[in-house]
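These notes concern the structure reproduced below.
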Amino acid sequence: KQEVTQIPAALSVPEGENLVLNCSFTDSAIYNLQWFRQDPGKGLTSLLLIQSSQREQTSGRLNASLDKSSGRSTLYIAASQPGDSATYLCAVKADSSYKLIFGSGTRLLVRP
Amino acid sequence: EADIYQTPRYLVIGTGKKITLECSQTMGHDKMYWYQQDPGMELHLIHYSYGVNSTEKGDLSSESTVSRIRTEHFPLTLESARPSHTSQYLCASSANEGGDGYTFGSGTRLTVV
């Protein structure tokens, strides 16, 4: 059974810092991995989608990497801003299912 | 603009009432999903659909039901709301089996009093 773990559960950093959020999954047979952002009480906003054949994706200050063999993905946020404060969720689409399996998220606070 | 819409955004309703949460998408996606999320907690899949007239129960048992009569529409119904149904309900869709990611709606926050 696929399990997704995110570390750390919470993170507080001063504005301007570069930071890394970690995601690990137990079964390397995945179709893709998706990073989402969720603001309190809101829906999910897709940040980056990495296909199983890809190693990384970039969008603005965000860079996500994928290492299937080790079951790991990282989300790198450069020059963090207070507006980046949110919960960041990692999710994998398993090989034999349409379903997304979510991690429990990392709550990020960027202090001005 | 292609998107996925959920209504209402917030709903406060009395115990025993029947409610329907609406979800519509304009992207022509075949696959649609309902997730339930309690505050600060993980998302749990409660229903999904592969296409018209196809519905399946998800990983988390739910007293709600769904229907998929049209590709773009995937409503969720609670026949008799209870306080234990208080939660956030998130609808999502995806285009094909492997390649495309999920697109989520803004969610419906349901409170049953």
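Chains as they are written, first to last, in the working numbering: chain A, 1205 to 1316; chain B, 58 to 170.
Beta carbons: idealized from backbone N, C-alpha and C, even for Gly.
This structure is a prediction, so every number in the text was calculated from the model and none was measured.
Quiz item: In chain B, which residues lie with their C-beta within 9 Å of the C-beta of residue 1303 of chain A?
Solution: Neighbours of residue 1303 of chain A across chain B, judged by C-beta separation under 9 Å: 90, 102, 105, 115 and 116.
Quiz item: Do you know offhand how far residue 116 of chain B's Cα is from residue 1263 of chain A's?
Solution: So the alpha carbons of these two residues sit roughly 32 Å apart.
Exercise. Using a Cβ-Cβ cut-off of less than 7 Å, list which residues of the stretch 1215-1241 of chain A approach chain B; keep chain order.
Key: Cβ contacts with chain B come from 1235, 1236 and 1238.
Practice problem: Would you kindly check if the distance between the Cβ of residue 1265 of chain A and the Cβ of residue 1281 of chain A is under 8 Å? | Solution: In this structure, residue 1281 of chain A lies near residue 1265 of chain A, with their beta-carbon atoms less than 8 Å apart.
Quiz item: Between residue 133 of chain B and residue 77 of chain B, what straight-line distance do the alpha-carbon atoms span, to the nearest angstrom?
Solution: Looking at the two C-alpha atoms, the distance is approximately 6 Å.
Practice problem: For residue 163 of chain B, go through chain A and note every residue whose CB falls closer than 8 Å to its CB, in chain order. | Solution: Simply 1246 and 1247.
Quiz item: For residue 1250 of chain A, which residues of its own chain have a beta-carbon under 7 Å away from its beta-carbon, when the five flanking residues on both sides are left out?
Solution: Same-chain partners within the cutoff: 1238 and 1240.
Exercise. Would you please verify whether the beta carbon of residue 1263 of chain A is less than 8 Å from any beta carbon of chain B?
Key: Nearest CB-CB separation between residue 1263 of chain A and chain B: not below the 8 Å threshold.
Quiz item: Is it true that the CB of residue 94 of chain B sits closer than 8 Å to the CB of residue 144 of chain B?
Solution: Closer than 8 Å, so yes.
Quiz item: Any beta-carbon of chain B closer than 8 Å to the one on residue 1279 of chain A?
Solution: It does not; no Cβ of chain B falls within 8 Å.
Quiz prompt | Where residue 142 of chain B sits in the DSSP three-state scheme | solution = The answer is helix: DSSP assigns residue 142 of chain B an H, G or I state.
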